[in-house]
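Here's the structure, in structure tokens; my notes come after.
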Amino acid sequence: MFPLQRGRRLRTNESIRSLVRETTLSPSDFMFPMFVAEGENVEVAIPSMPGIFRRSLDLTIKEVKELYDLGIRAVNIYVKVSENLKDNTGKEAWNSDGLMQNTIRAIKKACPEMIVMPDVALDPYSVYGHDGIIANGDVENESTNDALVKMAVSHAQAGADFVAPSDMMDGRVLRLRQGLDAAGFYNVGIMSYSAKYASAFYGPFRDALDSAPRESDVVVPKDKKTYQMDYANRIEAIKEAIWDVEEGADMVMVKPGIAYLDIVREVKNAVNVPVTVYHVSGEYAMIKAAAEKGWLDNDAIMMEQLMCIKRAGASLISTYFAKEAAILLNQK
Ligand code: PBG
């Protein structure tokens, strides 16, 4: 009680503050999401994500080595496939010679220590821009799971360390675990997007991959609300995370980040596996836009948000700021 207790004593100077700091950040806390495209020497800027590019494999490899040298130890891979490879079965997703599979192989060859986590969902391969197979006006759960198993096994065959299902189908973690084990991939892990909300914060990502749900001649849902979660809900996130751990997930994820940190903490308290947080494209875009206008300090806001995500309970943060933040941390 005051005056015996004075909170300011522990804030007197940076040395004292550093002694009592409860959370720290290091480059190995980050995963970097990468967009890969066909071609050679291709680097396309994504307008809604300043500083982020869609790159061909050769330039992706160069970037991966730089990330590794900065202390980053994991990358999430998303591919942009050409329109003529898209259909309603997603079959390009398990083409052993597909862009994703070639990317995984090339990264593991060039930088074997980098943990590679390919995205498992059909949206980049779907003519309708949905994460699964469309039937009767909705994404069909079981046939989508069958496709996801083939996709994940093909990623494992290419050398993926983890697979990262982001589709929100029911039971897919169990199906993936069984499928990977049956193919002999016991040590390929599953990082499940367990609590993935139907969020408008994914807008810039869908620009990057041209993967937003589209109008079409058949009836398809106009958004992803029949599989991604309602952002009004909390209990549902805990339930989904617990199910995923029971089904064999090695890590769970909460997505998006900053507006969902209450969920991060609750999930952290509810499960006994590492919780990852996806600081998504729209969150990145908001900071970049405000910084461009001179309204916010990019570096300060970036570090504050990343630290707060970690404080909320994240073991790992998937963020487009990974490289920038690692450079800043390494300067200290
Ligand atoms: C697709 C997927 C999305 C993101 C990651 N995987 C988009 C979506 O669900 O529509 C979003 C990531 C971001 O916004 O940074 N399965």
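So the sequence shown is numbered by the numbering used here: it starts at 9 and just counts up by one. By construction, the Cβ of each residue, glycine as well, lies at the ideal position given by its N, Cα and C atoms.
Going by beta-carbon coordinates alone, are residue i and residue j separated by less than 8 angstroms?
i: M177; j: Y201; result: no
i: M42; j: V83; result: yes
i: I317; j: F38; result: no
i: L182; j: V157; result: no
i: A118; j: I69; result: yes
i: V285; j: V262; result: yes
i: N92; j: D66; result: no
i: A249; j: V272; result: no
i: I112; j: P126; result: yes
i: L337; j: P35; result: yes
i: A206; j: D231; result: yes
i: M199; j: H163; result: no
i: V124; j: I115; result: yes
i: S418; j: P212; result: This structure leaves residue 418 out entirely; the chain is present only between 9 and 340.
i: Q236; j: K204; result: yes
i: A101; j: M159; result: yes
i: G137; j: R222; result: yes
Can you tell me whether residue i is helix, strand or coil according to DSSP?
i: S26; result: helix
i: P11; result: coil
i: I141; result: coil
i: D95; result: strand
i: S134; result: strand
i: D146; result: strand
i: K340; result: coil
i: N306; result: helix
i: E120; result: Reading off the sequence, residue 120 comes out as Pro, not Glu. Coil, per DSSP.
i: T20; result: coil
i: S36; result: helix
i: R272; result: Note that residue 272 is Val in the sequence shown, not Arg. In this structure, V272 counts as helix in the three-state DSSP scheme.
i: V161; result: helix
i: E312; result: helix
i: T152; result: helix
i: V72; result: helix
i: E100; result: helix
i: D66; result: helix
Measure from the alpha carbon of residue i to the alpha carbon of each residue in the options, then state which is nearest.
i: A293; options: Q109, M57, G47; result: M57
i: A168; options: D231, L217, I85, A249; result: I85
i: Q339; options: K70, V288, D307; result: D307
i: M310; options: R242, G265, T284; result: G265
i: S219; options: N21, L130, A330, Q236; result: L130
i: E291; options: G302, F329, V281, V283; result: F329
i: T327; options: E312, H287, A191; result: H287
i: V283; options: I295, S289, A320; result: A320
i: G3; options: L33, V227, R81, A257; result: Missing from the structure shown is residue 3; the chain here goes from 9 to 340 and no further.
i: Y46; options: R62, G192, F10; result: Residue identity check: residue 46 is Glu in the sequence provided, not Tyr. Of the candidates R62, G192, F10, the one whose C-alpha sits nearest the C-alpha of E46 is R62.
i: D139; options: N110, E121, K99; result: K99
Tell me, please, which residues DSSP counts as bridged to residue i.
i: P41; result: N84
i: K263; result: K204
i: F61; result: A53
i: Y286; result: S326
i: P126; result: I85
message: In chain order, what are the residue ranges of uninterrupted alpha helix (DSSP H) at least 4 long that sit wholly in the region 203-258?
response: 211-217, 243-254
query: Residue ranges of each beta strand (DSSP E) run of no fewer than 3 residues wholly in the region 166-210, ordered along the chain?
result: 170-173, 197-204
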